[in-house]
Structure formats: C-alpha cells, structure tokens
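> After the structure tokens below, expect a handful of questions from me.
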C-alpha cells in the first residue's frame, strides 16, 4: 500500500530579521538625536542657491545657532552652541579657542530668518577677529520648516 | 497519571510576527521622517587671510558693485539700492536680473560685490541679496559689517 506524502509545516525563522531591523531602528534613532543636538530648531532663511554641501568637505565645523528671542516672548537674540545657551562674549571666546585648535575650522552660522542682521553681524565680526576664514551660512532651498 | 516537570523544549516557540510588525512600522516612520526633512543647504564663504588674528577685520576693499539694504519702517522688508539705483522694495529677482545685466555688459564674475545692510534689517533680506548675487553668477561677495569693521567673504 502506498502511503500519502507527509506534510511538514514550514516555519520561517524571524530572529535574524528582528536583529537586523532592531539595528537599523537604533541607528536611525541615534542619528536623529545627534543631528538635533548639534542643530537647534531654527527657522532658516530661504536661498534658492543654497547647495547641499558634503559635511566631510566642510571639515571641522563649529556651529553657532542664533535664535530670535522675540519668537519666544523675549528680547534680542539667543546664542546656542551644542544646544547650550551662551553669551555672545563666550561665543567669541569659543571661536578663538576653536581657531587655536584647528586653524581651518569652519564656522557655520544658523540663524532665524526674522532676526535683525546685527546679531549675525556680531558673530561674523567675532569670526574675523578670531582669524576664522571659513564662514558658512545655513539656508534652506525652499520653505518647509527649516532645520 | 499527569506528566510532571517541564514540558518538552520544542513546545514553546515565541511568536515574533507581531513584534516584527511593530518594529517595521517604527523603522519606516524614522526612515520617512529623515527623508521628508527639508535638506539644509549651505552658502559657503571665506574670509581673507588679511582679516586674521592681530590684523583685526579692517580690510580696505574696492568693490565692483555696492548693494545697500535699508530697513523700511514697521518690518515691511527693506529698500534695495544698487549702485545708487533704487530698486523696488524686496525685489530680489530684479536685483538678480540687474546683476546678470552687469555680467552681460562685461562685468567680471570674480569682481567683488559689497553688501551693506542696516543692523535692523531682517537676516532673510541679507541672505536673499547674497542669493541673488550667487544666482546672477557672482561668487566674490563681501559684507560690510559696520563703519569701521569690514568682514569680507568670497
């Protein structure tokens, strides 16, 4: 007598897939957090000619965020470096220190578009006095919330 | 008689499928979230070595074209004056056309453009003026910072 073929249930082993997916998830979560730490939420100005520059080409960066304090009911501007609010004089001091560490340091100015120019000008003067030659303005190529 | 002790090892297999569903949804959220963010562009500039340490930022320059941005009252933007010619208020496209005309007339694209702005002018206007210069084809743009201090960018 011929026996009917035995059907064996196929089980997909999901464990390796879970491993890979979890790694990707952690990667995206950590990178998102790192970007947030360096770049405070700023309503960047719009410039159609702003190019997406390779971060490697920029070299060592020193990011100065300048927030319009009027947007939060305050007065003047707030200077933030690595998500920490510091006084303008301290920003200038930090610029001097960064210049001493790396003469080719690139100062990236990220400022709110509604900010009076004098506050950005103060950082530029600080860069010039510290001897920092590379200054980069952050901008968005289209409106959409900014950085 | 009922069987005592641990059940055979192969009888308990955790069901990973719901976990995979949730993790995949979170992963797709982060991936889409990072790609939907408006990418941040850069306007790279360089200060001349003359403005280095010890030399302060006092640089004497002879610009090819001067652009002056004067603040209008009550935050209505700014008045654009280019080489003593008054353009329409906030008309940066006209500024770009004017500069393109200058290039067509034989101006040097490496020639210096000096942008001077009132301290109360909104930062967006200064960037728009710089943007107009870059779009027109000029690459050597300078900013007059105040009456006795000039930062030059190119």
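Chains as they are written, first to last, in the numbering used here: chain A, 1 to 147; chain B, 148 to 301.
All residues carry an ideal CB built from backbone N, CA and C; glycine is no exception.
These numbers were taken from a predicted model, which means no experiment stands behind them.
I need the boundaries of the alpha helix (DSSP H) containing residue 132 of chain B, first residue and last residue.
The question about residue 132 of chain B has no answer, for chain B in this structure spans 148 to 301.
> Considering Cα atoms alone, identify which of A:105, A:67, A:3, A:12 is closest to residue 80 of chain A.
To locate residue 80 of chain A, count along the first chain from 1; it is residue 80. Ranking A:105, A:67, A:3, A:12 by Cα distance to residue 80 of chain A puts A:67 first.
> Using the C-alpha atoms, what's the distance from residue 62 of chain A back to residue 90 of chain A?
Translated into the one-based positions of the first chain, residue 90 of chain A becomes position 90. Translated into the one-based positions of the first chain, residue 62 of chain A becomes position 62. Their Cα atoms are separated by approximately 14 Å.
> Checking 7 Å against the spacing of the C-beta atoms, do residue 189 of chain B and residue 53 of chain A come in under that value?
Within the second chain, numbered from 1, the residue matching residue 189 of chain B stands at position 42. Within the first chain, numbered from 1, the residue matching residue 53 of chain A stands at position 53. Cβ distance < 7 Å, so residue 189 of chain B and residue 53 of chain A count as in contact.
> Look up residue 32 of chain A in the DSSP assignment and say whether it is helix, strand or coil.
Taking the first chain and counting its residues from 1, the one referred to as residue 32 of chain A is at position 32. If DSSP states are grouped into helix, strand and coil, residue 32 of chain A belongs with the helices.
> Measuring only between beta-carbons, confirm whether residue 282 of chain B sits less than 7 Å from chain A.
Here the question's residue 282 of chain B lines up with position 135 in the second chain. So, interface residue.
> Using a cut-off of 8 Å between C-beta atoms, extract the partners of residue 118 of chain A located in chain B.
Along the first chain, read from residue 1 onward, the residue named residue 118 of chain A stands at position 118. Correct list: 266, 267.
> Mapping the DSSP letters down to three states, classify residue 116 of chain A as helix, strand or coil.
Against the first chain, residue 116 of chain A aligns to sequence position 116. Note: residue 116 of chain A maps to strand in three-state DSSP.
> Does the CB of residue 190 of chain B have a neighbour CB from chain A at under 7 Å?
By 1-based counting over the second chain, the position of residue 190 of chain B is 43. By this cut-off, residue 190 of chain B is an interface position.
> Under 7 Å between the Cβ atoms of residue 179 of chain B and residue 25 of chain A?
What you label residue 179 of chain B is simply residue 32 of the second chain in a count that begins at 1. What you label residue 25 of chain A is simply residue 25 of the first chain in a count that begins at 1. With respect to the 7 Å criterion, residue 179 of chain B and residue 25 of chain A are not classified as neighbours on the basis of their beta carbons.
> From the DSSP output, in three-state form, read off residue 44 of chain A for me.
Against the first chain, residue 44 of chain A aligns to sequence position 44. Looking at residue 44 of chain A - three-state DSSP - the assignment turns out to be coil, as it is neither helix nor strand.
> Name the two residues that bound the continuous alpha helix (DSSP H) containing residue 290 of chain B.
Taking the first residue of the second chain as position 1, residue 290 of chain B is located at position 143. Element bounds for residue 290 of chain B: not the alpha helix (DSSP H) but the beta strand (DSSP E), 288-291.
> Any idea which residues DSSP pairs residue 191 of chain B with across the strands?
For this step, residue 191 of chain B is matched to residue 44 along the second chain. In DSSP, residue 191 of chain B forms a bridge with A:136.
> Kindly list, in the order they appear in chain A, the residues whose Cβ is closer than 7 Å to that of residue 285 of chain B.
As a working note, residue 285 of chain B is residue 138 in the second chain. Neighbours of residue 285 of chain B in chain A, taken as residues whose beta carbon is under 7 Å from its own, are absent, since the nearest beta carbon is some 11 Å off.
> Is residue 52 of chain A close to chain B? Criterion is C-beta to C-beta, closer than 7 Å.
Stepping through the first chain from its first residue, residue 52 of chain A is reached at position 52. It does; some Cβ of chain B falls within 7 Å.
> Looking at C-alpha atoms only, which residue of A:98, A:117, A:9, A:16 is the closest neighbour of residue 129 of chain A?
As a working mapping, residue 129 of chain A is identified with position 129 in the first chain. For the residues A:98, A:117, A:9, A:16, the minimum Cα distance to residue 129 of chain A belongs to A:98.
> If we define contact as Cβ-Cβ less than 7 Å, is residue 115 of chain A a contact residue for chain B?
Within the first chain, the letter at position 115 stands for residue 115 of chain A. For residue 115 of chain A, the answer is yes, since a Cβ of chain B falls inside 7 Å of its Cβ.
> Measuring only between beta-carbons, confirm whether residue 137 of chain A sits less than 7 Å from chain B.
Start at 1 with the first residue of the first chain, and residue 137 of chain A comes out as number 137. Cβ-Cβ to chain B under 7 Å: yes for residue 137 of chain A.
> Excluding five sequence neighbours on each side, which residues of the same chain lie with their C-beta closer than 7 Å to the C-beta of residue 124 of chain A?
Against the first chain, residue 124 of chain A aligns to sequence position 124. Excluding residues within five positions, the ones whose Cβ falls inside 7 Å are 135.
> Among all the DSSP beta bridges, which residues are the ones paired with residue 80 of chain A?
Within the first chain, residue 80 of chain A is the residue found at index 80, counting from 1. When beta bridges are read from the DSSP output, residue 80 of chain A appears opposite A:65, A:85.
> Would residue 247 of chain B pass as a contact of residue 279 of chain B if the rule is Cβ separation under 7 Å?
As a first step, residue 247 of chain B is located in the second chain; it is residue number 100 there, counting from the start. As a first step, residue 279 of chain B is located in the second chain; it is residue number 132 there, counting from the start. With contacts defined as CB atoms closer than 7 Å, residue 247 of chain B and residue 279 of chain B fail to qualify as a contacting pair.
> Tell me residue 6 of chain A's beta-bridge partners as DSSP assigns them.
For the purposes of this step, residue 6 of chain A is identified with residue 6 of the first chain, where counting begins at 1. DSSP lists no partner for residue 6 of chain A.
> Please report the Cβ distance between residue 138 of chain A and residue 94 of chain A, rounded to the nearest whole angstrom; I am assuming they are in contact, meaning their Cβ atoms lie under 8 Å.
One-based indexing of the first chain puts residue 138 of chain A at position 138. One-based indexing of the first chain puts residue 94 of chain A at position 94. Not confirmed; about 18 Å, so no contact.
> Just verifying my parser: in three-state terms, what is the DSSP assignment at residue 111 of chain A?
Counted from its first residue, the first chain places residue 111 of chain A at position 111. Strand, per DSSP.
> Based on DSSP bridge pairs, tell me the residues matched to residue 212 of chain B.
Position 65 of the second chain, counted from the first residue, corresponds to residue 212 of chain B. Partner(s): B:260.
> Is the separation between the beta-carbon of residue 260 of chain B and that of residue 212 of chain B shorter than 7 Å?
Taking the first residue of the second chain as position 1, residue 260 of chain B is located at position 113. Taking the first residue of the second chain as position 1, residue 212 of chain B is located at position 65. Yes. Within cutoff.
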